[in-house]
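Line by line, the protein sequences give chains Z and X. Under my numbering, the first residue of the first sequence is numbered 1, with each subsequent residue one higher. Under my numbering, the first residue of the second sequence is numbered 1001, with each subsequent residue one higher. For each residue, glycine too, the CB sits at the ideal point set by N, CA and C. As the structure is a computational prediction, the values presented were derived from the model and not from experiment. Structure, as structure tokens:
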Amino acid sequence: MNSSVIVFPGSNCDRDMDVALNKFGFKNKMVWHEDYSLPKSDLIVLPGGFSYGDYLRCGSIASKSKIIKSVIDFAKSGGLVLGICNGFQILTETNILPGILQQNKYLNFICKNIYVKIKDKKNKYFKNIEKDILELHIAHNEGNFFCTNEELKSLEDNDQIAITYCNSEGLENEENNPNGAIKNIAGIFNKNKNVLGMMPHPERMIDKYLSGEDGSLFFENLIRNLK
Amino acid sequence: MKIKVLVTLKKGVLDPQGKAIQQTLSGMNFSNIQEVRQGKFFEISTDEKDEAKAKSQVEEMCKKLLANLVIEDYKII
Chain Z
1 MNSSVIVFPG
11 SNCDRDMDVA
21 LNKFGFKNKM
31 VWHEDYSLPK
41 SDLIVLPGGF
51 SYGDYLRCGS
61 IASKSKIIKS
71 VIDFAKSGGL
81 VLGICNGFQI
91 LTETNILPGI
101 LQQNKYLNFI
111 CKNIYVKIKD
121 KKNKYFKNIE
131 KDILELHIAH
141 NEGNFFCTNE
151 ELKSLEDNDQ
161 IAITYCNSEG
171 LENEENNPNG
181 AIKNIAGIFN
191 KNKNVLGMMP
201 HPERMIDKYL
211 SGEDGSLFFE
221 NLIRNLK
Chain X
1001 MKIKVLVTLK
1011 KGVLDPQGKA
1021 IQQTLSGMNF
1031 SNIQEVRQGK
1041 FFEISTDEKD
1051 EAKAKSQVEE
1061 MCKKLLANLV
1071 IEDYKII
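In structure tokens:
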């Protein structure tokens, strides 16, 4: 399985993602934002970070970068595109995914482990994953997912909500919502579920000695579903 | 020619920064402040001589980049 990680000026989770993808069996390539074409890939990842210094709005400048047209074409042709954190913000700014990630409700940069509930397993990312609740890591200032009522209804009607913030028991409420996101949304799919944007970082949870292993579950499961 | 643009959050969209500014102002004894909404201001210098054309070009910029229409409105001033 081949993967590509797009590197923007200001990306800072690109190498962690590279390590994670290689660890679980992907042959990964790094692709610079000024390239126009993508190497042959089964998965494209838009990594976390602060592309273009978060100027204007998070992800807005990256969403107009040279490589993005190829990423959009790849997504539209059914290719798997995974956006983590800033990558999620970029996907909403390209309109591949609806909504926007606003500043966190309480104006704080949040950096901690959280739990998310997997809301849909009829997709290549979560199909057959052993757990329903994952412990992952978040680190963001703009993770407060917001969309119009019509967009929310469409997300719900089409089972496009991928993961929601919850506690270790799976309880989704205000107390377990770190950033004020509508309906505790931590990640969503496009209609065809080949594109996934999520704020939590699975690539930070791939070592039982350093962090946790629920990220390992995510990548192991993903590559199994792609084979 | 210079075209000026204001980008503001739509009514009803949460503005935590505006709220923090409002609370700070209240703490500074500006006690009659009801609400503060924070926005962005752009000044765009263009070679275009025709004002109508320049404004329509800026309008396109607003829709495509300067504002995110999910949460923001723009006004060319």
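Rounded to whole angstroms, what's the CA-CA distance from residue i to residue j? Just pull it up for me.
i, j, result
"Z/N104", "X/V1036", "18 Å"
"Z/S70", "Z/G78", "13 Å"
"X/L1025", "X/K1011", "21 Å"
"Z/D214", "Z/D16", "15 Å"
"Z/C166", "Z/N177", "7 Å"
"Z/I182", "Z/M198", "14 Å"
"Z/N174", "Z/K119", "The question names Asn, but residue 174 of chain Z in the sequence shown is Glu. When rounded, the distance between both Cα atoms is 17 Å."
"Z/E142", "Z/H33", "22 Å"
"Z/N184", "X/S1031", "34 Å"
"X/K1004", "Z/I61", "20 Å"
"Z/Y55", "Z/H137", "24 Å"
"Z/K208", "Z/A75", "33 Å"
"Z/Y106", "Z/A139", "14 Å"
"X/A1067", "X/S1056", "15 Å"
"Z/V45", "X/K1049", "44 Å"
"Z/I133", "Z/D157", "22 Å"
"X/G1018", "X/D1073", "16 Å"
"X/E1060", "Z/L210", "48 Å"
"X/E1043", "Z/I68", "27 Å"
"Z/T164", "X/L1069", "25 Å"
"Z/I188", "X/D1047", "42 Å"
"Z/N113", "Z/K27", "28 Å"
"Z/R224", "X/P1016", "42 Å"
"Z/D159", "Z/K117", "14 Å"
"Z/C85", "X/I1021", "27 Å"
Mark residue i as exposed unless 16 or more other C-beta atoms lie within 10 angstroms of its C-beta, in which case mark it buried.
i, result
"X/Q1034", "exposed"
"X/G1027", "exposed"
"Z/F146", "buried"
"Z/D73", "exposed"
"Z/K227", "exposed"
"Z/L217", "buried"
"X/Q1023", "exposed"
"Z/L155", "buried"
"Z/E130", "exposed"
"Z/F219", "buried"
"X/I1071", "buried"
So, residue i versus residue j, is the Cβ gap smaller than 8 Å?
i, j, result
"Z/L171", "Z/N144", "no"
"Z/A20", "Z/I206", "yes"
"X/L1006", "X/K1075", "yes"
"Z/V124", "Z/L80", "Looking at the sequence shown, residue 124 of chain Z is not Val but Lys. Their beta carbons are under 8 Å apart, which means Z/K124 touches Z/L80 by this criterion."
"Z/I42", "Z/N2", "Here residue 42 of chain Z is Asp; the residue named in the question, Ile, does not match the sequence. In this structure, Z/N2 lies closer than 8 Å to Z/D42 by Cβ."
"Z/H228", "Z/C58", "What the structure shows of chain Z is the stretch from 1 to 227, and residue 228 of chain Z is not part of that stretch, so it cannot be assessed."
"X/G1039", "X/L1009", "yes"
"Z/S51", "Z/G10", "yes"
"Z/I110", "Z/N192", "no"
For the alpha helix (DSSP H) containing residue i, name the first residue and the last one.
i, result
"Z/A62", "Careful: Z/A62 lies outside any alpha helix (DSSP H) and carries neither H nor E."
"Z/G197", "Note, Z/G197: premise wrong, no alpha helix (DSSP H); beta strand (DSSP E) at V195 to M198."
"Z/F218", "D214 to L226"
"Z/F74", "I68 to K76"
"X/I1021", "P1016 to G1027"
"Z/K153", "N149 to D157"
Could you tell me the boundaries of the beta strand (DSSP E) in which residue i lies?
i, result
"Z/L134", "I133 to H140"
"X/M1061", "Note, X/M1061: premise wrong, no beta strand (DSSP E); alpha helix (DSSP H) at E1051 to M1061."
"Z/Q89", "Run containing Z/Q89: none in the beta strand (DSSP E); it sits in the alpha helix (DSSP H), N86 to E93."
"X/K1075", "E1072 to I1076"
"Z/A186", "I185 to F189"
"X/S1045", "G1039 to S1045"
"Z/L231", "As displayed, chain Z neither begins before 1 nor continues past 227, which places residue 231 of chain Z out of reach and without an answer."
"Z/L43", "L43 to L46"
"Z/N2", "N2 to V7"
"Z/K112", "I110 to I118"
Rounded to the nearest angstrom, how far is the Cβ of residue i from that of residue j, given a contact under 8 Å?
i, j, result
"Z/S63", "Z/E93", "4 Å"
"X/M1001", "X/A1052", "The Cβ separation is near 11 Å, so there is no contact."
"Z/G48", "Z/G87", "6 Å"
"Z/V195", "Z/L91", "6 Å"
"Z/K29", "Z/S4", "5 Å"
"Z/N190", "Z/L97", "6 Å"
"Z/N128", "Z/N221", "6 Å"
Heavy atom of the ligand NAD less than 7 Å from the Cβ of residue i, yes or no?
i, result
"Z/G187", "In terms of ligand content, the structure shown is empty, and the ligand NAD therefore cannot be addressed."
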